[in-house]
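Undergrad:
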Amino acid sequence: MNLLPQFDFKRPQSLHEALAALTKEGAMAIAGGTDLLPNLRRGIGLPSQLVDLSALAGLSAVERQPDGGLRIGALVSLETLAESPLAPDAVKQAALGVAGPTHRAQATLGGNLCQDTRCVFYNQSDWWREGNGYCLKYRGDKCHVVAKSDRCYATYHGDIAPALMVLDAKVEIMGPKGTRSLALAGLFQEQGAKHLTLEAGELLTHIVIPPQAGWLSAYEKARVREAIEFPLAGVAVALKKEGGKIAGLRVAITGTNSAPLMVPVDELIGQVWNASAAETLAKSVRKISNVLKSTVSSVKYRRRMALALARKLTEALWIKAA
Ligand SMILES: Cc1cc2nc3c(=O)[nH]c(=O)nc-3n(C[C@H](O)[C@H](O)[C@H](O)COP(=O)(O)OP(=O)(O)OC[C@H]3O[C@@H](n4cnc5c(N)ncnc54)[C@H](O)[C@@H]3O)c2cc1C
Ligand code: SF4
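My numbering runs 217 ahead of the 1-based position in the sequence shown.
1. Verify whether the separation of the beta carbon atoms of residue 456 and residue 306 is less than 9 Å.
2. Which residues does DSSP list as the beta-bridge partners of residue 536?
3. Since residue 348 is in the alpha helix (DSSP H), which residue starts that stretch and which ends it?
4. Would you call the CB atoms of residue 334 and residue 372 closer than 9 Å?
5. Less than 8 Å between the CB of residue 371 and some heavy atom of ligand 2, yes or no?
6. Does any heavy atom of ligand 2 sit closer than 8 Å to the C-beta of residue 415?
7. For the region 265-304, list the alpha helix (DSSP H) runs that are entirely contained and at least 4 residues long, ordered along the chain.
8. Work out the CA separation of residue 248 and residue 229 for me, nearest whole Å.
9. Which ranges does the beta strand (DSSP E) cover as unbroken runs of at least 3 residues, wholly within the region 419-480, from first to last along the chain?
10. Rounded to the nearest angstrom, what separates residue 397 and residue 348 at their Cα positions?
11. Could you spell out the range, first to last residue, of the beta strand (DSSP E) harbouring residue 396?
12. Hey, residue 490 and residue 532: beta-carbon distance below 9 Å or not?
13. Only counting the same chain, and skipping five residues up and downstream in sequence, which positions put a Cβ closer than 7 Å to that of residue 448?
14. Any contact between the region 282-301 and the region 309-316? By contact I mean 3 or more CB pairs, one from each, below 8 Å.
15. Indicate, with yes or no, if ligand 1 has a heavy atom lying under 8 Å from the CB of residue 266.
16. Check whether the Cβ atoms of residue 474 and residue 506 lie closer than 9 Å to each other.
17. What number of angstroms, rounded off, separates the C-alpha of residue 454 from the C-alpha of residue 469?
18. Just to confirm before moving on: does the CB-CB distance between residue 329 and residue 295 stay below 9 Å?
19. Do you know how far the Cα of residue 264 is from the Cα of residue 221?
20. Are the CB atoms of residue 378 and residue 477 nearer to each other than 9 Å?
21. If you draw a straight line from the alpha carbon of residue 384 to that of residue 485, how long is it in whole angstroms?
22. Nearest CA to the CA of residue 483: which residue from 493, 498, 492?
23. Among residues of its own chain, excluding the 5 on either side of residue 423, which ones have a beta-carbon nearer than 8 Å to its beta-carbon?
24. According to DSSP, residue 352 sits in a beta bridge with which residue or residues?
Written as structure tokens, this is what we have:
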């Protein structure tokens, strides 16, 4: 592994200072550093300046809102999130599934959502990538996963985004042009080399989850071993049952595409959960997922696990709601 490259380092004490520091050409934010630093040591990225967010006040709490919803600071650690009595089940399960305990104590929610996409041809040492002619995502001009492609298909493997998406979460963003808020799904786009819709110098400050009365949620991921492991496929489900029917259903997937995606499930609303509904759900997951050879695991296994987890979690929530 290489040494870190040379860069300036700033540790601002206020959001205002942080945003100013990020206007420097080539500046990057760093929160827990658990995603960014391994990449920099592999020669992926050459920031002119790292802007350490860790001293910023007001971004480290999980707070109940007057309407019963939650507002979570981008600097909340995954350890805090996994242990929070306020966090919905899907979020706790997703946070607890990230890496190991020391890692979760350091890693932040904002960094988790904004983590880089991954690919077996990209998350390698510099000499390995150089030997293979680099690739479209960084420094090269061809994709080794989809030959002749003009876009990168690196996969988004974050655990927490789908869990928040099925809760209808929004993100609050601050940047040089002011503040804005958007549905979490809108933070992402299907483009492995630019999967975030953040503009230059923008920071995630908070994640807002609306009240969840009547909703149950869950998250599970497929991994080779029950230890430190990114999701080969991860699924989050939120379900609301009323009068013996599905009154609300949201399903999101990760580890399959360049962005975490909502699965269209509208045709299941008002239905009873049964074998036919399970097949409809599986078809929707199959249609939207685009699993490619971007990890060492088999494409077939990851695709099948996404379908199986979606059915399994929906079934479990349906039974629990009864
Ligand atoms: C061995 C290992 C195992 C891992 N396992 C998992 C796993 O199982 N699941 C998983 O989801 N991830 C995993 N990760 C990836 C990563 O560690 C986590 O996603 C972690 O939550 C990242 O948070 P961080 O605060 O350390 O991010 P950082 O590394 O500090 O930042 C990551 C990216 O987000 C940007 N960023 C950070 N905060 C903000 C903000 N507030 N606004 C805008 N941009 C921001 C940074 O500029 C950077 O580009 C793993 C990493 C390693 C090295
Ligand atoms: S999908 Fe292609 S362009 Fe993207 S990281 Fe992998 S090899 Fe590179």
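All C-beta atoms in this analysis are idealised placements derived from N, C-alpha and C, irrespective of residue type, glycine included. None of these values were measured; they are calculated from a predicted model.
TA: Straight from the coordinates:
1. What you label residue 456 is simply residue 239 of the sequence shown in a count that begins at 1. What you label residue 306 is simply residue 89 of the sequence shown in a count that begins at 1. No, the pair does not count as a contact, with Cβ atoms beyond the cut-off.
2. Sequence index remark: in the sequence shown, residue 536 carries index 319 (1-based). The partner list for residue 536 (beta bridge, DSSP) is empty, contrary to what the question assumes.
3. Residue mapping note: residue 348 aligns to position 131 of the sequence shown, counting from 1. Annotation: the continuous alpha helix (DSSP H) that includes residue 348 extends over 343-348.
4. Here residue 334 corresponds to residue number 117 of the sequence shown, with the count starting at 1. Here residue 372 corresponds to residue number 155 of the sequence shown, with the count starting at 1. Yes, Cβ-Cβ distance for residue 334 and residue 372 is below 9 Å.
5. In the sequence shown, residue 371 corresponds to position 154, counting from 1. Distance from the C-beta of residue 371 to the nearest heavy atom of ligand 2 is below 8 Å.
6. Residue mapping note: residue 415 aligns to position 198 of the sequence shown, counting from 1. Using a cutoff of 8 Å, the CB of residue 415 does not count as near ligand 2, since none of the ligand's heavy atoms is closer than that.
7. Counting only runs that start and end inside the region 265-304, the alpha helix (DSSP H) elements of at least 4 residues fall at 295-300.
8. Counting from 1 along the sequence shown, the entry for residue 229 is found at position 12. Counting from 1 along the sequence shown, the entry for residue 248 is found at position 31. Going from the Cα of residue 229 to the Cα of residue 248 covers about 12 Å.
9. Runs of the beta strand (DSSP E) inside the region 419-480: 420-426, 432-439, 450-459, 462-471, 478-480.
10. Stepping through the sequence shown from its first residue, residue 397 is reached at position 180. Stepping through the sequence shown from its first residue, residue 348 is reached at position 131. When rounded, the distance between both Cα atoms is 43 Å.
11. Position 179 of the sequence shown, counted from the start, is the residue given in the question as residue 396. For residue 396, the enclosing beta strand (DSSP E) begins and ends at 395-400.
12. By one-based count along the sequence shown, residue 490 stands at place 273. By one-based count along the sequence shown, residue 532 stands at place 315. Cβ atoms of residue 490 and residue 532: closer than 9 Å.
13. Within the sequence shown, the letter at position 231 stands for residue 448. Residues of the same chain with a CB within less than 7 Å of the CB of residue 448, apart from the 5 flanking positions on each side, are 374, 376, 438, 439, 440, 471, 472 in chain order.
14. The region 282-301 makes contact with the region 309-316, as at least three CB pairs between them are under 8 Å.
15. As a first step, residue 266 must be located in the sequence shown, where it is residue number 49. The nearest non-hydrogen atom of ligand 1 is 8 Å or more from the C-beta of residue 266.
16. Translated into positions along the sequence shown, residue 474 becomes position 257. Translated into positions along the sequence shown, residue 506 becomes position 289. Cβ distance < 9 Å, so residue 474 and residue 506 count as in contact.
17. Residue 454 sits at position 237 when you count from the first residue of the sequence shown. Residue 469 sits at position 252 when you count from the first residue of the sequence shown. Straight-line Cα distance between these residues: approximately 7 Å.
18. By 1-based counting over the sequence shown, the position of residue 329 is 112. By 1-based counting over the sequence shown, the position of residue 295 is 78. Yes, the pair counts as a contact, with Cβ atoms nearer than the cut-off.
19. Numbered from 1 along the sequence shown, position 4 holds the residue referred to as residue 221. Numbered from 1 along the sequence shown, position 47 holds the residue referred to as residue 264. In a straight line, the C-alpha of residue 221 is about 11 Å away from that of residue 264.
20. Taking the sequence shown and counting its residues from 1, one reaches residue 378 at position 161. Taking the sequence shown and counting its residues from 1, one reaches residue 477 at position 260. Closer than 9 Å, so yes.
21. In the sequence shown, residue 384 corresponds to position 167, counting from 1. In the sequence shown, residue 485 corresponds to position 268, counting from 1. Going by the C-alpha atoms only, they are around 17 Å apart.
22. In the sequence shown, the residue the question calls residue 483 occupies position 266. Put simply, of 493, 498, 492 the residue whose alpha carbon is nearest the alpha carbon of residue 483 is 498.
23. Mapped onto the sequence shown, residue 423 falls at position 206. Here residue 423 has 276, 288, 289, 290, 291, 388, 389 as same chain residues with Cβ atoms under 8 Å from its own Cβ, once five neighbours each way along the sequence are excluded.
24. Taking the sequence shown and counting its residues from 1, one reaches residue 352 at position 135. DSSP, once it has assigned bridges, lists 355, 356 as partnering residue 352.
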